[in-house]
Amino acid sequence: MLQQDIKKDLESHSLSGPKRDGIFEFAKCFIFNYGLQAMIVYRLGQWIFNRQYIQRFCFMKLIFSPIYFVLNTGIKYMYGISISRKATIGPGLYIGHFGNIRIDKCIIGENCSVQQSVHIGPEKGKGSNSPKIGSNVWIGGHVTVFGKITIADGATVSVGSNVTRDVPGNCLVVGNPARVVNKGYDNTKLLGLTQK
Amino acid sequence: MKLLDTLAFDIDHYYRINNISPFFKPLLFLSVLFPLNSLYCLAVHRLGTWINHKYGYYQKGSLIRGGLKLFYWIGRYICIIFCKIEIEENVELVSSLCLSNRGGILLGAKKIGNNCIIHHNVTIGYGFGLGQKMERPVLGNDVWVGPSSVIYGDIKIGDGVTIKANSIVNKNIPPHCVVGGNPVRIEERGVDNSRLLMSSTL
Numbered sequence: 275m276l277q278q279d280i281k282k283d284l285e286s287h288s289l290s291g292p293k294r295d296g297i298f299e300f301a302k303c304f305i306f307n308y309g310l311q312a313m314i315v316y317r318l319g320q321w322i323f324n325r326q327y328i329q330r331f332c333f334m335k336l337i338f339s340p341i342y343f344v345l346n347t348g349i350k351y352m353y354g355i356s357i358s359r360k361a362t363i364g365p366g367l368y369i370g371h372f373g374n375i376r377i378d379k380c381i382i383g384e385n386c387s388v389q390q391s392v393h394i395g396p397e398k399g400k401g402s403n404s405p406k407i408g409s410n411v412w413i414g415g416h417v418t419v420f421g422k423i424t425i426a427d428g429a430t431v432s433v434g435s436n437v438t439r440d441v442p443g444n445c446l447v448v449g450n451p452a453r454v455v456n457k458g459y460d461n462t463k464l465l466g467l468t469q470k
Numbered sequence: 003m004k005l006l007d008t009l010a011f012d013i014d015h016y017y018r019i020n021n022i023s024p025f026f027k028p029l030l031f032l033s034v035l036f037p038l039n040s041l042y043c044l045a046v047h048r049l050g051t052w053i054n055h056k057y058g059y060y061q062k063g064s065l066i067r068g069g070l071k072l073f074y075w076i077g078r079y080i081c082i083i084f085c086k087i088e089i090e091e092n093v094e095l096v097s098s099l100c101l102s103n104r105g106g107i108l109l110g111a112k113k114i115g116n117n118c119i120i121h122h123n124v125t126i127g128y129g130f131g132l133g134q135k136m137e138r139p140v141l142g143n144d145v146w147v148g149p150s151s152v153i154y155g156d157i158k159i160g161d162g163v164t165i166k167a168n169s170i171v172n173k174n175i176p177p178h179c180v181v182g183g184n185p186v187r188i189e190e191r192g193v194d195n196s197r198l199l200m201s202s203t204l
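Chains as they are written, first to last, in our numbering: chain A, 275 to 470; chain B, 3 to 204.
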């Protein structure tokens, strides 16, 4: 499970496409993509904490959790990418660039794309209010998604928009507050640009 | 030498704008060597462009160029970790530019004129939407860019433009305007922003 998810993340980050693989390609991707490093640390955290059988073997948790915390704080201070382990992220999330990226408790689907200065998280002081994001969603830079919002599959959130309402599927939202500009917007080209 | 000339220009501009006392002015040359502020990032970028100028495309296999390039890439990595600033290799910066020390800056512009100030959390880069041209923006002289604003697409920004904080710019802007908002609007025309360009503080 851990290995498969990391493989999907690598596929979305690799510039040469999903066909090639190997240790050299992995190393090349790992050095130049800070998002991939953050994702691998996040998957490690999920593997440690979100497994039932590991509860029985407490010593495994004792060994791995300090390693995870050290790596996580390292990523946070080196690149400014902090992904909470309460977030559930599907395989193949692309994180572009670095700096001020924060993903708190939320649900994100498969093959999404997130850029720099993006903040996704729950609103404080209320009950179950974490955002839900479908699969194949492209989120541009400088976007904030707060509170109980659902973004449907295939939606595109443009640069710098502040999402305050639900977003229907396959459409483009722009502005502060975000409004639907184009219905039936095809974002496969955008996802392809970042996930070549 | 051209590299040292441009670096001296940058240091002089940084000293003038950040209100540093004259006692520390000679120490600013040291800060080029250590990743303490945005001057280091500018120095690394100047080194990169100098390598491309001196050892051009036809000397791609040479050992000196390779070694200098490795040095440049390590410098760029240090920029990302300590200063959180990334400047693309093919950006053309004309003489003096002041970057904020607070980081989160991504510069991918085609050309930036002289005497500009760019604050923290600013992104300048390609616009890739459907029906948009894949091009980078061109900034004129004396442009003041406020914090956490984004400039993207195939656009030209004129001389003396003031871009307010948190604005998303994707249109051509005539010179000497004040723009702001998301989507961007021209709020005032014919404004002189020379007082804003005096210091880096907000």
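By construction, the Cβ of each residue, glycine as well, lies at the ideal position given by its N, Cα and C atoms.
The beta strand (DSSP E) that contains B:N2, what's its start and end? Nothing can be reported for residue 2 of chain B: it is not among the residues displayed for chain B, which extend from 3 to 204.
Whole runs of the beta strand (DSSP E) within the region 415 to 455 of chain A, excluding any shorter than 3 residues: 418 to 420, 445 to 448
Using the Cβ count rule (16 or more neighbours within 10 Å means buried), how would you classify B:G50? buried
Just curious, the beta strand (DSSP E) that B:Y154 is in, first and last residue? 152 to 154
Minimum Cβ-Cβ distance from A:L464 to chain B less than 8 angstroms: yes
Could you tell me whether any Cβ in chain A is nearer than 8 angstroms to the Cβ of B:I83? yes
Consider the Cβ of B:F31: report whether some Cβ of chain A lies at a distance smaller than 8 angstroms. no
Contact check, B:I157 vs B:K135 under 8 angstroms by CB: the rounded distance? In fact, because the Cβ distance is near 10 angstroms, the residues do not count as touching under 8 angstroms.
Cβ contact (3+ pairs, closer than 8 angstroms) linking the region 25 to 40 of chain B and the region 62 to 71 of chain B: no
The beta strand (DSSP E) that contains B:L101, what's its start and end? 99 to 101
Give me whichever residues DSSP pairs with A:H393 in a beta bridge. A:R376, A:T418
Listed in chain order, which residues of the region 180 to 199 of chain B have Cβ atoms closer than 9 angstroms to some Cβ of chain A? Within the region 180 to 199 of chain B, the qualifying residues are G183, N184, P185.
How do the region 453 to 464 of chain A and the region 5 to 15 of chain B stand: do at least 3 beta-carbon pairs fall below 8 angstroms, yes or no? Result no; under three Cβ-Cβ pairs closer than 8 angstroms.
Leaving aside the five residues before and after B:H15 along the sequence, list all residues of the same chain whose C-beta is less than 7 angstroms from its C-beta, in chain order. S98, C100
Measuring CA to CA, which of A:W412, A:I394, A:V411 is closest to A:S477? Limits of chain A in this structure are 275 at one end and 470 at the other, which puts residue 477 of chain A out of reach.
N-terminal and C-terminal residue of the beta strand (DSSP E) that B:T125 is part of: 125 to 127
Beta-carbon proximity check, B:S201 vs B:N39, cutoff 8 angstroms: no
Grouping DSSP H, G and I as helix and E and B as strand, with all else coil, what is A:L318? Looking at A:L318 - three-state DSSP - the assignment turns out to be helix.
Output yes or no for whether 8 angstroms exceeds the beta carbon distance between B:I153 and B:P176. no
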